[in-house]
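Undergrad:
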């Protein structure tokens with residue numbers, strides 16, 4: 038079965054799977070991509086972790102400018118953020134988040150990171166999903182923007 042994906046608008050994509058076609062938003066497209074990667078890996082007998090794919094999506098916030106990262110961090114639940122930071126195990130990511138959080142939140146995050154234990158996979162997926170959902174929602178509203186080398190303004 039073939040899958041085709043075509044961008045229609047900024048936050049609207051057309052996905053064709055066989056004879057079926059549906060329009061989805063950017064967040065749903067990211068979840069579809071995780072599912073397809075998982076199925077492809079399993080089909081080839083390779084291990085694949087959906088949790089790692091969620092973490093990768095959560096770590097996209099490294100690509101935000103400081104202003105947009107700060108706007109996103111103000112919207113996120115600190116407990117969810119602690120779970121993402123614990124599971125990501127990326128010192129540069131943790132430093133970026135801490136540097137762009139307020140002083141009180143930074144102290145709380147540092148304390149929580151030292152005291153927290155690794156959550157169960159289901160709790161971790163739920164927490165990271167909330168972060169990713171909020172990221173995509175703010176991006177769709179134009180409050181944050183991921184800028185890459187391919188970004189162009191007309």
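In the numbering used here, the protein residues as written are 38 to 191.
A virtual CB, placed ideally from N, CA and C, is assigned to each residue, including glycine.
According to DSSP, is residue 57 part of a helix, a strand, or is it coil?
TA: Correct three-state label for residue 57: strand.
Undergrad: Throw me the rounded Cβ distance for the residue 92 and residue 184 pair, which I believe falls under 8 Å.
TA: Not confirmed; about 22 Å, so no contact.
Undergrad: Less than 8 Å between the C-beta atoms of residue 99 and residue 147, yes or no?
TA: For residue 99 and residue 147, no; Cβs fall outside 8 Å.
Undergrad: Let me know if residue 176 comes out buried or exposed under the rule of 16 or more other beta-carbons within 10 Å of its beta-carbon.
TA: Label assigned to residue 176: buried.
Undergrad: My guess is that residue 95 and residue 169 are in contact by the Cβ rule of under 8 Å, so how many angstroms apart are they, rounded?
TA: Yes, they are in contact, since the Cβ atoms of residue 95 and residue 169 sit about 6 Å apart, within 8 Å.
Undergrad: With three or more beta-carbon pairs closer than 8 Å as the criterion, would you say the segment 72-81 touches the segment 152-159?
TA: At 8 Å Cβ cutoff, the stretches do not touch.
Undergrad: On a CA-only basis, which of 157, 49, 131 and 45 is nearest residue 115? Give me that one, please.
TA: Here the closest residue by C-alpha is 131.
Undergrad: On a Cα-Cα basis, can you pick out the residue from 60, 135 and 112 that is closest to residue 122?
TA: Ranking 60, 135 and 112 by Cα distance to residue 122 puts 135 first.
Undergrad: Is the beta carbon of residue 182 closer than 8 Å to that of residue 75?
TA: Not in contact: residue 75 and residue 182 (Cβ atoms no closer than 8 Å).
Undergrad: Identify every residue that forms a DSSP beta bridge with residue 99.
TA: Its beta-bridge partners do not exist; DSSP assigns none.
Undergrad: Can you give me the Cβ contacts of residue 141 inside the same chain, cut-off strictly under 7 Å, excluding the 5 residues immediately before and after it?
TA: Answer for residue 141: no residue qualifies.
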